[in-house]
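The sequence shown begins at 19 in the working numbering and counts up one residue at a time.
Quick notes on the structure that follows.
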Amino acid sequence: MIGVGFVILAGCGERGEIIVPVSGTVRLDGAPMAAGEVGFITFQPRAGRAAIGKIDPSNGAFTLSTNEAGDGVLVGEHEVTVSVNATGAGGNPISLIPKKYQEFATSGLNVTIDGPTDSLIIELEGPLKRHVKTYDPAALGDDPGF
19 MIGVGFVILA
29 GCGERGEIIV
39 PVSGTVRLDG
49 APMAAGEVGF
59 ITFQPRAGRA
69 AIGKIDPSNG
79 AFTLSTNEAG
89 DGVLVGEHEV
99 TVSVNATGAG
109 GNPISLIPKK
119 YQEFATSGLN
129 VTIDGPTDSL
139 IIELEGPLKR
149 HVKTYDPAAL
159 GDDPGF
């Protein structure tokens, strides 16, 4: 379990929920990830609120968004996913990192957010697949999904 605790709280979501700015870095075997997306889903205090963030190819950084770009994530406990895909043989998408990280049920990544942070570290363990037909970080797009 990754824990992050701070005293300052900011922002509100639906029904008085508190949303705080959260950003950080995703690392694979200690090195910053060069692409992909991070997904958070709340399981405490209320299940089902999601936040996403695109991984910056230059440094592995991400900023989470729930209702609007960069607003953050709901205070509470979250399951986390990370996905990095490329085009494989036959044009089919393949995961460049272990597939377990793509599903909330199998990622093994849990985070408690108590307040704003800009230094959350999400550590993954490899291997990183390198034998793919094509890999284009720009193909992941800039749309945060809102």
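C-beta atoms are modelled at their ideal positions from N, C-alpha and C, and glycine is treated no differently.
Could you tell me which residues DSSP puts in a beta bridge with residue i?
i, result
"Glu141", "Arg45"
"Ile37", "Leu92"
Classify residue i: buried if its beta carbon has 16 or more other beta carbons within 10 angstroms, exposed otherwise.
i, result
"Arg67", "buried"
"Asp74", "buried"
"Thr152", "Low local confidence applies: a pLDDT of 45 at Thr152 is under 50, so the model's placement there is unreliable, with the coordinate-based value given in what follows. By the neighbour-count rule (16 or more Cβ atoms within 10 Å), Thr152 is not buried but exposed."
"Pro134", "buried"
"Ile139", "exposed"
"Asn103", "buried"
"Glu97", "buried"
"Ala69", "buried"
In angstroms with no decimal places, state the Cα-to-Cα distance between residue i and residue j.
i, j, result
"Ser41", "Val129", "13 Å"
"Ala52", "Ala123", "24 Å"
"Glu55", "Ile36", "23 Å"
"Val93", "Glu86", "16 Å"
"Thr105", "Ile112", "6 Å"
"Pro116", "Asp47", "12 Å"
"Arg45", "Asp132", "22 Å"
"Ala49", "Phe80", "14 Å"
"Asn144", "Tyr119", "The question names Asn, but residue 144 is Gly in the sequence shown. Roughly 10 Å between the two C-alpha positions."
So what's residue i in DSSP terms, helix, strand or just coil?
i, result
"Ser125", "helix"
Under DSSP, the beta strand (DSSP E) around residue i begins and ends at which residues?
i, result
"Gly57", "55-62"
"Pro111", "111-113"
"Asn103", "103-105"
Considering only heavy atoms of the ligand SAM, does any lie closer than 7 Å to the CB of residue i?
i, result
"Gly109", "Because no ligand of any kind appears in the structure shown, any question about the ligand SAM cannot be addressed here."
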